[in-house]
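Position 48 of the sequence shown, counted from 1, bears residue number 65 in this note's numbering, the numbering being contiguous throughout. In this text, a Cβ means the ideal position worked out from N, Cα and C, and glycines have one as well. Presented below is the structure to which this report refers.
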Amino acid sequence: SLSFLSCILLTAFKHKKQRQHDQQKPPSPPGFPIIGNLHQLGELPHQSLWKLSKTYGPVMLLKFGSIPTVVVSTSETAKQVLKVHDLHCCSRPTLAGPRALSYNYLDIAFSPFGDYWKELRRMCVQELFSVKRVHSFQPIKEEEVKKLIDTVSESASQGTPVNLSEKFTALTVSVICKSAFGVSFQGTVLDSDKFKKLILDTFLFLGSFSATDFFPNGGWIIDWLTGLQGQRERSVSILDAFYEQMFDLHKYGKKEGVEDFVDLLLRLEKEETVIGYGKLTRNHMKAILMNILIGGIGTSAITMTWAMTELMRNPRVMKKVQSEIRSQIGSKSVISLNDINQLHYLKMVINETWRLHPPSPLMVPREVMSEFEINGYTIPIKTRLYVNIWAIGRYPDIWKDPEEFLPETFINSGIDSKGRNFELLPFGSGTRMCPAMYMGTTMVEFGLVNMLYQFDWTLPEGMVVEDIDMEESPGLNTSKKNELVLVPVR
């Protein structure tokens, strides 16, 4: 019996060794002890990882501190992650940076996959970001775009330059905040300029290096020493006070007009709506508003700025898209969503902008919930997983002349931005796809079409096309590093 037991144990050991041999890890660049591959990220991680993928392939294994991380960089590998194995890796890592804050609604805002998250997504799709609700906010967009046109017209009459990066940010802040909060900041704890600065600071700290996220057992000390933790606390405490004031204004003040997001959330709270593991709470509501602010404000302004930048660098495309817009719109004083739906070349321009300049070049990380394989490589549980959208947009096997701005690439291509085609993923895809895709798309279309219909654009005096820089800024979203300043001509 002893020999029989020994035989069983030996066989089990051989099977274990064979299984370990069969589990092939993805290729990995060499790293250093403790920090792993952190030193290879650089200021713009999406670009650094793209360069590494040229050597190590479309599925790479890296170690960021103590965290094993896989990065995929082609449409085929993205399809494996976001469609074939979506449910194996649709959770979120519990990021230590937000968790270290005293405001626990940030834990909810960055929640992993579970009953709460599934119920939240359902509510967002059906209530917050439905086509009907987005259309109900069209008068807000029209009002804010008219204000923008008036200020740009004044500059056109004087021949003075306009900071379009700043104007697009202000436009998006106004539209999102009036849609979400129904206010224009007067009499609140934040005025418009302070709010814009707060949002930009929030993007910065969420996209900055947080030692706690890579060294869970002691990185918090580094974050305190660098001042990052203090910056987080200050920004989120201001946002918290703002949310509380918004709830009070909506609950006790008199308000007319379209039901905004806060109205809706307060109504659901009053109805004791169940969301996941319990009733909708004030912290849930703050988490939802936090995601709306982060997801809505930066991305639309960034896309409009990059689109105008590329159009200025490509006069042929500028002439073609303006000709389409002016031919379709004619002499109408108000541009409708139906008009925009007929502007096929404009939509190609926007898709090409998203290809070259995705607002979030690295998709928000996922965490593997159960083991699976990509291209024959085993991806174990608890691995952090990134999709490099920026790299996919430059993959030469998909795109002809990938560094060139060519909207015609999308003619009869069948590729769109709705998450069904893994060559173009500005809103992600699969279970974690952005629920506000329609709202974001219509915001970009409406802002651009008005600027291109109402004005011609020239470079400031003494500047030529070759002087337009294309540098990216670091952070959660990749905006243009230097602001876009142009001269409008009525």
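Which same chain residues end up closer than 7 Å to GLU500 when comparing Cβ atoms and leaving out the 5 residues on each side of it in sequence?
Correct list, in chain order: ASN180, SER182 and GLU183.
TYR394 lies in the beta strand (DSSP E); which residues open and close that run?
Residues 394-396.
Under 8 Å Cβ to Cβ from CYS107, same chain only, skipping five residues before and after it: list those, please.
Once the five neighbours on either side are set aside, the close Cβ partners of CYS107 are PHE130, ARG383, MET386, GLY447, THR448 and ARG449.
Looking at C-alpha atoms only, which residue of MET325, LYS364 and LEU188 is the closest neighbour of TYR434?
Reading off the sequence, residue 434 comes out as Ser, not Tyr. If we check each option's Cα against that of SER434, LYS364 comes out closest.
By DSSP's criteria, ASP473 is part of a beta bridge. Which residues make up the other side?
DSSP lists VAL506 as partners of ASP473.
At which residues does the beta strand (DSSP E) containing ARG401 begin and terminate?
Here the beta strand (DSSP E) through ARG401 covers 401-404.
Might you give, ordered along the chain, the residues of its own chain that have their beta carbon closer than 8 Å to the beta carbon of ARG343, omitting 5 neighbours on each side?
Cβ neighbours of ARG343 beyond the five flanking positions: TYR470.
For ASN405, count the other beta carbons within 10 Å of its own beta carbon; 16 or more makes it buried, fewer makes it exposed. Which is it?
Buried is the call here.
Which ranges would you report for the alpha helix (DSSP H) in the region 332-416 if only whole runs of at least 4 residues count?
DSSP runs (the alpha helix (DSSP H)) wholly in the region 332-416: 332-346, 354-358, 361-373 and 406-409.
Using alpha carbons as the reference points, say which of PHE259, HIS267, PRO156 and ASP167 lies closest to LEU310.
Among PHE259, HIS267, PRO156 and ASP167, the Cα nearest to that of LEU310 belongs to PHE259.
Where does TYR269 land, buried or exposed, given buried means 16+ other C-beta within 10 angstroms?
Exposed is the call here.
Express the C-alpha separation of ASP257 and MET77 in angstroms, rounding to a whole number.
Going by the C-alpha atoms only, they are around 39 Å apart.
Tell me the residue span of the alpha helix (DSSP H) that contains THR316.
Looking at the DSSP string, the run of the alpha helix (DSSP H) that includes THR316 is 299-330.
Just mark LEU188 as buried or exposed, buried being the case when its beta carbon has 16 or more other beta carbons within 10 Å.
Buried, since its Cβ has 16 or more Cβ neighbours within 10 Å.
Got a sec, what are the start and stop residues for the alpha helix (DSSP H) VAL190 sits in?
Here the alpha helix (DSSP H) through VAL190 covers 181-198.
I need the DSSP call for GLU489, collapsed to helix, strand or coil.
Of the three classes helix, strand and coil, the one that applies to GLU489 here is strand, per DSSP.
Just grab the DSSP bridge partners of MET77 for me.
Paired residues: VAL88.
With 16 other CB atoms within 10 Å as the buried threshold, where does ASN54 fall?
Buried, because 16 or more other Cβ atoms sit within 10 Å of the Cβ of ASN54.
By the DSSP assignment, the alpha helix (DSSP H) with SER153 in it spans what residues?
From DSSP, the alpha helix (DSSP H) with SER153 extends over 148-153.
One question on the structure: do PHE463 and ILE367 come within less than 8 Å of each other, judged by their Cβ atoms?
In this structure, ILE367 does not lie closer than 8 Å to PHE463 by Cβ.
Excluding sequence positions up to five away, which residues of its chain have a Cβ less than 7 Å from the Cβ of GLN339?
Around GLN339: LEU469.
Should the region 472-483 be called in touch with the region 310-329, which here means at least 3 C-beta pairs below 8 Å?
Segments in contact, yes.
How would you label THR370, buried or exposed, when you count the other beta carbons within 10 angstroms and need 16 or more for buried?
THR370 comes out buried.
In whole angstroms, what separates the C-alpha of GLU341 from that of VAL466?
Taking the straight line joining both Cα atoms gives about 10 Å.
Cutting at 7 Å between CB atoms, please list the residues of its own chain near GLU160, excluding the five before and the five after it.
There are no such residues.
What residue does the alpha helix (DSSP H) around ARG251 start on, and which one ends it?
Taken as a continuous stretch (DSSP letters only), the alpha helix (DSSP H) holding ARG251 covers 245-269.
Might you give, ordered along the chain, the residues of its own chain that have their beta carbon closer than 7 Å to the beta carbon of LEU165, omitting 5 neighbours on each side?
For LEU165, where only same-chain residues beyond five positions count, the Cβ hits under 7 Å are LYS184 and LEU188.
Mapping the DSSP letters down to three states, classify LYS42 as helix, strand or coil.
Here LYS42 sits in coil by DSSP.
Does the beta-carbon of LYS96 have 16 or more other beta-carbons within 10 angstroms, so that it is buried, or is it exposed?
Classification of LYS96: buried, given that the 10 Å Cβ count is 16 or more.
In angstroms with no decimal places, state the Cα-to-Cα distance between SER490 and PHE220.
Cα to Cα, the separation comes out at about 11 Å.
Assign PHE232 to one of three DSSP states: helix, strand, or coil.
Coil.
Given the structure, does LEU137 come close to the ligand FMN, in the sense that its CB is under 7 Å from one of the ligand's heavy atoms?
For the structure depicted, the ligand FMN is absent and the ligand set is empty, with no information on it obtainable.
Which stretch, first to last residue, makes up the alpha helix (DSSP H) that contains VAL98?
Where VAL98 is concerned, there is no enclosing alpha helix (DSSP H), given that its DSSP letter is neither H nor E.
Count the other CB atoms, across all protein chains shown, that sit within 10 Å of the CB of ASN494; report buried if there are 16 or more and exposed otherwise.
ASN494 comes out buried.
I need the DSSP call for VAL291, collapsed to helix, strand or coil.
Three-state DSSP puts VAL291 in a strand.
I'd like to know if the region 62-81 and the region 421-428 are in contact, where contact means that at least 3 CB-CB pairs between them fall below 8 Å.
The region 62-81 vs the region 421-428: no contact.
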